[in-house]
Amino acid sequence: MILPSDTLDALCPMHMHIGADGGVRRMGPTLRKLMEGAAGEGAQFAEMMDVFRPRRVGTVPDLLALSGRRLQLRLCRGSQMVLKGLAMPDGQGGVIVNMSFGIAVVDAVREHALTSTDFAVTDLAIDMLYLVEAKSAAFEASRTLNRRLQGAMLAAEQRAYTDTLTGLRNRRALDHVLQRLLLEGGNFALLHIDLDYFKQVNDTHGHAAGDRVLQAVARVMLELTRKDDTVARIGGDEFVILLVGLTDRVRLSALAEQLIHRIERPIPVEDVECRVSASIGIAFGAPKTGARPGAEELMERADSALYRAKRQGRAQHAFDEPTPVEDLR
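With full-length UniProt numbering, letter number 115 in the sequence shown gets 115, and the count goes up by one each step, no holes.
So, in structure tokens, the structure goes:
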């Protein structure tokens with residue numbers, strides 16, 4: 001005796017009832033949904049599904065011979081995904097094939113917009129889907145948290161190496177880059193820059209005006225240096241520029257003079273114009289004679305050259321000795 005159709009639909013929403021003549025008598029509601037509206041009842045089952053494992057079958061006797069065995073099949077209409085199946089005799093010479101998605105259930109739900117009503121209430125696929133969704137949500141939450149943590153770490157690191165007023169590198173960043181350059185053993189120049197007459201700006205116009213001047217000077221330095229150069233503010237009105245691979249005195253003199261000329265331009269602050277200049281001391285990371293200096297010694301050499309420039313009348317630049325190697329660029 002065959003179960004009533006509504007009973008079969010509830011117990012096996014993906015069943016196909018095949019008569020003894022091979023014709024499809026009925027399909028469950030979920031299976032019809034997968035067929036995407038294609039007519040099924042009355043057609044030959046071999047036109048509706050392709051059973052290819054454990055072997056290919058095309059007749060009802062062949063299908064009955066596989067009763068109780070797990071089948072793999074593919075629908076010939078609508079969805080082309082591979083399904084699992086179990087064929088059992090209906091007691092009247094026909095066969096009922098119950099199908100399931102197997103591990104493809106997640107893809108099937110997504111592709112065909114299936115809901116819990118498309119599965120038997122006892123089908124554990126729904127519970128599995130809830131677990132998959134929960135796992136996906138947990139992974140996404142974890143990824144979001146990791147991205148936020150990484151972003152916070154990068155932001156904190158950036159703040160730790162950035163001068164908050166000017167946006168330039170700070171002393172910590174300069175020390176890090178300088179140590180790396182010395183370890184790599186390459187040629188570079190270090191420019192120690194001190195602003196002339198900056199104290200008068202602060203005393204006359206206030207610290208807010210002084211901050212505006214420092215920001216304007218920082219922009220000039222960034223405009224006149226290369227992307228790979230390091231520009232740092234290391235103290236109130238003191239700056240350092242590291243120029244990798246540039247040790248030619250002619251080019252360095254031209255850059256120093258250009259920096260001084262640009263910094264000397266009046267800087268408008270509200271209704272007044274602030275004026276400063278700059279003195280520059282230049283030292284080399286790879287001197288032509290003598291041992292390569294360490295970071296502290298190199299800074300001292302640049303500082304000594306800087307104050308020699310100031311003693312010569314300010315708004316000038318001076319080189320540390322000895323003579324550097326030729327420009328390698």
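Ideal Cβ positions, reconstructed from N, Cα and C, are used throughout, including at glycine.
Query: Contact under 8 Å by Cβ, I282 with L252; Result: yes
Query: Rounded straight-line distance, which links the Cα of T144 to that of V269; Result: 44 Å
Query: G78 and F45 closer than 8 Å at C-beta; Result: no
Query: Assigned secondary structure, L3 (DSSP; H/G/I helix, E/B strand, else coil); Result: coil
Query: Paired residues, beta bridge with S279 - DSSP; Result: D194
Query: Nearest neighbour of R233, chosen from R26, V244, V220 [CA to CA]; Result: V220
Query: The alpha helix (DSSP H) enclosing F45, as first and last residue numbers; Result: 45 to 48
Query: Strand pairing of A189, partner residues [DSSP]; Result: L243, F284
Query: Contact set for V97: own chain, Cβ-Cβ below 6 Å, skip 5 residues either direction; Result: M16, G85, A87
Query: Cβ-Cβ distance between P13 and A120 below 8 Å; Result: yes
Query: Nearest residue (CA-CA) to I18, options G210, L64, V250; Result: L64
Query: Pairwise C-alpha distance: A108 and G93; Result: 32 Å
Query: DSSP state of E273 mapped onto helix, strand, coil; Result: strand
Query: Inter-residue Cα distance where the pair is H207 and E140; Result: 48 Å
Query: D118, buried or exposed, once every other Cβ within 10 Å from all chains shown has been counted against 16; Result: buried
Query: Sheet register partners of Q72 (DSSP bridge); Result: R53, K84
Query: Bridge partner(s) assigned by DSSP for I267; Result: C274
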